[in-house]
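Enquirer:
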Amino acid sequence: MKNLLLSSLLALLTTSCMTDDPETIVVAADEDDGASITSPDDKRDAVSELHVLDVALPFDEVADESFRVFTSRRAFHDTYGFTGTLDVDFRYQWVFVYQAGSQPTGGYIAGILDITRRNDRIRFHTQLATPGNGCITTQAESRPYVVVAFRKPTRPHAARLSVLHRELVNDCELPEPASCAATLCATQTYCDESTGTAQCLPLECPPPGTVIDCKLPLTPERAPRCNPSFQQWVGGHCPDVTFAL
15 MKNLLLSSLL ALLTTSCMTD DPETIVVAAD EDDGASITSP DDKRDAVSEL
65 HVLDVALPFD EVADESFRVF TSRRAFHDTY GFTGTLDVDF RYQWVFVYQA
115 GSQPTGGYIA GILDITRRND RIRFHTQLAT PGNGCITTQA ESRPYVVVAF
165 RKPTRPHAAR LSVLHRELVN DCELPEPASC AATLCATQTY CDESTGTAQC
215 LPLECPPPGT VIDCKLPLTP ERAPRCNPSF QQWVGGHCPD VTFAL
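Numbering (this note's numbering), first residue to last: 15 to 259.
1. How about the stretch 93-104 and the stretch 133-140: do they share at least three Cβ pairs that are nearer than 8 angstroms?
2. Alpha carbon to alpha carbon, how far is residue 197 from residue 91? Give it in angstroms, no decimals.
3. If you count every other CB in all the chains shown that lies within 10 Å of the CB of residue 248, and 16 or more means buried, which is it?
4. What three-state label does DSSP hand residue 222 in the structure shown?
5. Please classify residue 105: does DSSP put it in a helix, a strand, or coil?
6. Residue range of the beta strand (DSSP E) that residue 125 falls in?
7. Touching or not, the stretch 111-131 and the stretch 68-79, by the rule of three or more beta carbon pairs under 8 angstroms?
8. Quick check on the DSSP output: the alpha helix (DSSP H) that includes residue 6 runs from which residue to which?
9. For residue 242, write down the residues that DSSP places opposite it in a beta bridge.
10. I'd like the ranges of any beta strand (DSSP E) spanning at least 3 consecutive residues and lying wholly in the stretch 75-99.
11. Determine the burial state of residue 6: buried for a count of at least 16 other Cβ atoms within 10 Å of its Cβ, exposed for fewer.
12. Does residue 199 come out as helix, strand or coil in the three-state DSSP assignment?
13. Roughly how many angstroms lie between the CA atoms of residue 154 and residue 211, to the nearest whole one?
14. Ignore the nearest five residues each way along the sequence and tell me which others in residue 117's own chain have a CB closer than 6 angstroms to its CB.
15. Indicate the three-state DSSP secondary structure (helix, strand or coil) for residue 248 in the structure shown.
16. So, are the CB atoms of residue 161 and residue 65 less than 8 angstroms apart?
17. Is residue 24 helix, strand or coil by DSSP?
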């Protein structure tokens, strides 16, 4: 099961900032205005204009959370010390990198959902998926990131870049409920699975004269006391207690 918990993580300035390298742009995050992840007026990039790049960045270079746009191959290589192949034509494309920073365990996934455009504004919709209940993860530190290429703006110097960020918590599938066949109960208890999962309940005699209603259909409250194991134990230990079947 996936349980979506949406929240704006940052409330920074909405303008992008140039670094010492004019070909590297640090992108700030929009404040959460309660709107949906995309505006109806925003025009989305076509799938062919946005693709995730399979790039292995050095672990030491992705320790901090950041949102960056690179407008040249040199700027990207200099920032990350990257010496591999980058399948990008910077005449027509730019590169966006979202680093989620250092996380305590595995199971964290950085993603980009969309890139939207309106006039000269370009907005990157990013997401960090975090492990929730029932998830099995490695206990080693992780530093997730995502690298994408996108269509270069038609007016590069007029482009206004921003990020809209959200969190998604993945609640992993829980294991199948245990059955009584696989459950060992302690002395003076019996196993009942009328609620859908095995549970060990105490063997206690009802007061003398009690008539336990076991007529169908059984309610969740009555079902455990109509368990065959409980009925058998009561028959041998509890005088003057009967079951109405």
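Yeah, the Cβ is synthetic: ideal placement off N, Cα and C, and Gly gets one too. None of these values were measured; they are calculated from a predicted model.
Expert: Taking the structure as given:
1. no
2. Translated into the one-based positions of the sequence shown, residue 91 becomes position 77. Translated into the one-based positions of the sequence shown, residue 197 becomes position 183. Residue 91 and residue 197: Cα-Cα distance of roughly 58 angstroms.
3. On the sequence shown, position 234 is the one that residue 248 refers to. Looking at its Cβ environment, which holds 16 or more other Cβ atoms inside 10 Å, residue 248 is buried.
4. What you label residue 222 is simply residue 208 of the sequence shown in a count that begins at 1. Coil, per DSSP.
5. Here residue 105 is taken as the residue at index 91 of the sequence shown, counted from 1. The answer is coil: DSSP assigns residue 105 none of H, G, I, E or B.
6. As a working mapping, residue 125 is identified with position 111 in the sequence shown. Unbroken beta strand (DSSP E) run through residue 125: 123-132.
7. yes
8. Nothing about residue 6 can be reported from this structure: the residues present for the chain run from 15 to 259 only.
9. Locating residue 242 in the sequence shown gives position 228, counting from the first residue. In DSSP, residue 242 forms no bridge with anything.
10. 79-84
11. Lying outside 15 to 259, the shown extent of the chain, residue 6 is not represented and no answer is given.
12. Position 185 of the sequence shown holds residue 199. Residue 199 falls in the coil class under three-state DSSP.
13. The sequence position of residue 154 within the sequence shown is 140, counting from 1. The sequence position of residue 211 within the sequence shown is 197, counting from 1. If you take the alpha carbons of residue 154 and residue 211, they lie about 33 angstroms apart.
14. On the sequence shown, residue 117 is found 103 positions in, with the first residue counted as 1. 156.
15. As a first step, residue 248 must be located in the sequence shown, where it is residue number 234. The answer is helix: DSSP assigns residue 248 an H, G or I state.
16. Translated into the one-based positions of the sequence shown, residue 161 becomes position 147. Translated into the one-based positions of the sequence shown, residue 65 becomes position 51. Not closer than 8 angstroms, so no.
17. Position 10 of the sequence shown, counted from the start, is the residue given in the question as residue 24. Summary for residue 24: the model assigns pLDDT 36, below 50, so the residue's position carries little reliability, and this model does not support an answer.
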